[in-house]
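S.K.:
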Amino acid sequence: MKAEQVAHRLPKKLGKEPLIDAVFEFRFSAHASFSEIVPGFLFSEFGGKAKIERLGPAELPRPVRDQDAKLRYVPIYRLQLEKFTVLIGDRVLALACKLPYPGWGAFKPEILGLAERMRKLELIEKVERHSIKYVNIVASDGVANQLSQTTLSLELAGEQIKSDNVSLRIEKHQDSLLNVIQLVTGAEATRENEHIASGIVIDIDTIVNFEPVSFHEWLRELPDSSEKIRAENRKVFFSCLHPRTIDELEPIYE
């Protein structure tokens, strides 16, 4: 079944998976000791099977991180699990999938499980934002071929951009959501120093900013709200792909 024949539907999955990164993140206000307590707590929760890494920003004093807007939401610890990675900061918590991507059916329960574990600690006060980010690389040689994989059309000074390298960022609002779309040609993807693919990166970060709400209220809404932003992210991703590209990625609709 050709992609143009099912333009009103989105594939449930792709036979040739282009995904190289998937991250769910939420930002909040919390007890001052949050980032010091959570790594050890999660290590215990996961039965000592995790590996804790202290990241560079952890070397900076907390007051310095607090004063710099660029550092307030950076991770300072990384917890390596078998199939996922947890990133922990003073005001941020994120869950990233390791490759191969296990699918939303496995990713969502881990997101909810991590949030539920935070409920036990009672350290998070109010949540102010959550987001889901998927990074894909569509394999193709040559910039012209890479651009033709997408629905992107660029013109500068009356001349179409067809074979020049492109690094583009778009912030597109959709109701209460913000989609940050980045497209980069000539990209190389590696995993553990092993080459995965060369092509065009399509990076979509779907963000929801809202008036701060209590952690418990946010947690109650999370099953539905996570579905909403994931659905929006998928819709935007497939809208970036040329129908021919979708067909080449072997879409599965049922």
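Mapping of the sequence shown onto the working numbering: residues 8 to 261, in sequence order.
Glycine residues also receive a C-beta, built at the ideal position from the N, C-alpha and C atoms.
#1: Quick check on Arg16: buried or exposed, where buried means 16 or more other Cβ atoms within 10 Å of its Cβ?
#2: Could you tell me whether the Cβ atoms of Phe244 and Tyr141 are closer together than 8 angstroms?
#3: Determine the extent of the beta strand (DSSP E) in which Ser42 is found, giving its start and end residues.
#4: How would you write the range of the alpha helix (DSSP H) that Val81 sits in, first residue to last?
#5: Whose CA, out of Gly120, His180 and Leu78, lies closest to the CA of Phe53?
#6: Tell me, to the nearest whole angstrom, how far the beta carbon of Ile44 is from that of Leu102; I am working on the premise that it is less than 8 angstroms.
#7: In its own chain, which residues sit with a C-beta less than 7 angstroms from the C-beta of Asp171, not counting the 5 before and 5 after it?
#8: Over the uninterrupted alpha helix (DSSP H) stretch that includes Lys235, give me the two end residues.
#9: Looking at Val173: is its Cβ nearer than 8 angstroms to the Cβ of Thr192?
#10: Could you compute how far the alpha carbon of Ala113 sits from the alpha carbon of Asp75?
#11: Could you spell out the range, first to last residue, of the alpha helix (DSSP H) harbouring Asn152?
#12: If you measure from the CB of Arg176, is any heavy atom of the ligand NAD nearer than 7 angstroms?
#13: Which residue or residues does DSSP assign as beta-bridge partners of Pro258?
#14: Per DSSP, what kind of secondary structure is Ala113 in: helix, strand or coil?
#15: Whole angstroms is fine: what's the gap from Arg198's alpha carbon to Leu106's?
#16: Out of Arg61, Leu26, Leu21 and His249, point me to the one whose CA is closest to Ser160's CA.
#17: What are the start and end residues of the beta strand (DSSP E) that includes Asp28?
#18: Do you know offhand how far Glu118's Cα is from Phe31's?
#19: With distances taken between CB atoms, is the gap from Arg136 to Ile214 smaller than 8 angstroms?
#20: Can you check whether the CB of Leu185 is closer than 8 angstroms to the CB of Glu178?
#21: Hey, quick one: how far does the alpha helix (DSSP H) through Arg136 stretch, first residue to last?
#22: Just the Cα atoms here: how many angstroms apart are His223 and Arg124?
#23: Spell out whether any CB of chain B is found under 8 angstroms from the CB atom of Glu218.
#24: Who are Gln167's beta bridge partners in DSSP?
#25: Output the boundary residues of the alpha helix (DSSP H) element that contains Arg198.
#26: Mind checking who Ala76 pairs with in its DSSP beta bridge?
M.R.: Taking the structure as given:
#1: For the purposes of this step, residue 16 is taken as residue 9 along the sequence shown, with counting starting at 1. Classification for Arg16: exposed.
#2: Here residue 244 corresponds to residue number 237 of the sequence shown, with the count starting at 1. Here residue 141 corresponds to residue number 134 of the sequence shown, with the count starting at 1. Here Phe244 is near Tyr141, since their CB atoms are less than 8 angstroms apart.
#3: Along the sequence shown, one-based indexing puts residue 42 at 35. Ser42 -> not in any beta strand (DSSP E); alpha helix (DSSP H) instead, spanning Phe41 to Glu52.
#4: Numbered from its first residue, the sequence shown carries residue 81 at position 74. Taken as a continuous stretch (DSSP letters only), Val81 belongs to no alpha helix (DSSP H), as it is neither H nor E.
#5: Indexing the sequence shown from 1 puts residue 53 at position 46. Nearest Cα to Phe53 within the set Gly120, His180 and Leu78: Gly120.
#6: Residue mapping note: residue 44 aligns to position 37 of the sequence shown, counting from 1. Residue mapping note: residue 102 aligns to position 95 of the sequence shown, counting from 1. Contact flag wrong, Cβ pair sits at about 18 angstroms.
#7: As a position in the sequence shown, residue 171 is number 164, starting the count at 1. So the qualifying residues of the chain are Val150.
#8: As a first step, residue 235 must be located in the sequence shown, where it is residue number 228. Start and end: Phe222 to Cys247.
#9: Within the sequence shown, numbered from 1, the residue matching residue 173 stands at position 166. Within the sequence shown, numbered from 1, the residue matching residue 192 stands at position 185. Cβ atoms of Val173 and Thr192: closer than 8 angstroms.
#10: Taking the sequence shown and counting its residues from 1, the one referred to as residue 113 is at position 106. Taking the sequence shown and counting its residues from 1, the one referred to as residue 75 is at position 68. Counting only the Cα atoms, Asp75 lies some 36 angstroms from Ala113.
#11: Taking the first residue of the sequence shown as 1, we reach residue 152 at position 145. From DSSP, the alpha helix (DSSP H) with Asn152 extends over Val150 to Ser155.
#12: The ligand NAD is not part of the structure shown, which contains no ligands of any sort.
#13: Residue 258 sits at position 251 when you count from the first residue of the sequence shown. Bridge partners of Pro258: Leu21.
#14: Working through the sequence shown from its first residue, we reach residue 113 at position 106. Helix, per DSSP.
#15: Looking up residue 198 in the sequence shown gives position 191. Looking up residue 106 in the sequence shown gives position 99. Looking at the backbone, the Cα of Arg198 and that of Leu106 are separated by about 9 angstroms.
#16: Counting from one through the sequence shown, the residue named residue 160 turns up at place 153. Ranked by Cα distance from Ser160, the options Arg61, Leu26, Leu21 and His249 are led by His249.
#17: Mapped onto the sequence shown, residue 28 falls at position 21. For Asp28, the enclosing beta strand (DSSP E) starts and ends at Leu26 to Ala37.
#18: To locate residue 118, count along the sequence shown from 1; it is residue 111. To locate residue 31, count along the sequence shown from 1; it is residue 24. Note on identity: in this sequence residue 118 is Ile, with Glu being the wrong assignment. Rounded to whole angstroms, Ile118 and Phe31 show a C-alpha spacing of 7 angstroms.
#19: Taking the first residue of the sequence shown as position 1, residue 136 is located at position 129. Taking the first residue of the sequence shown as position 1, residue 214 is located at position 207. Yes.
#20: Reading the sequence shown from its first residue, position 171 is the one you call residue 178. Reading the sequence shown from its first residue, position 178 is the one you call residue 185. Their beta carbons are under 8 angstroms apart, which means Glu178 touches Leu185 by this criterion.
#21: On the sequence shown, residue 136 is found 129 positions in, with the first residue counted as 1. Boundaries around Arg136 are those of the beta strand (DSSP E), Ile131 to Ala146, since no alpha helix (DSSP H) includes it.
#22: As a first step, residue 223 is located in the sequence shown; it is residue number 216 there, counting from the start. As a first step, residue 124 is located in the sequence shown; it is residue number 117 there, counting from the start. Rounded to whole angstroms, the gap between the alpha carbons of His223 and Arg124 is 12 angstroms.
#23: This model lacks chain B altogether; it includes just one protein chain.
#24: The residue labelled residue 167 in the question sits at position 160 within the sequence shown. Answer is Glu162.
#25: Here residue 198 refers to the residue found at position 191 when the sequence shown is read from its first residue. Per DSSP, Arg198 lies in no alpha helix (DSSP H) segment; the continuous beta strand (DSSP E) that holds it begins and ends at Leu184 to Arg198.
#26: Walking along the sequence shown from the start, residue 76 turns up at place 69. Answer by DSSP bridge pairing: none, since Ala76 is not bridged.
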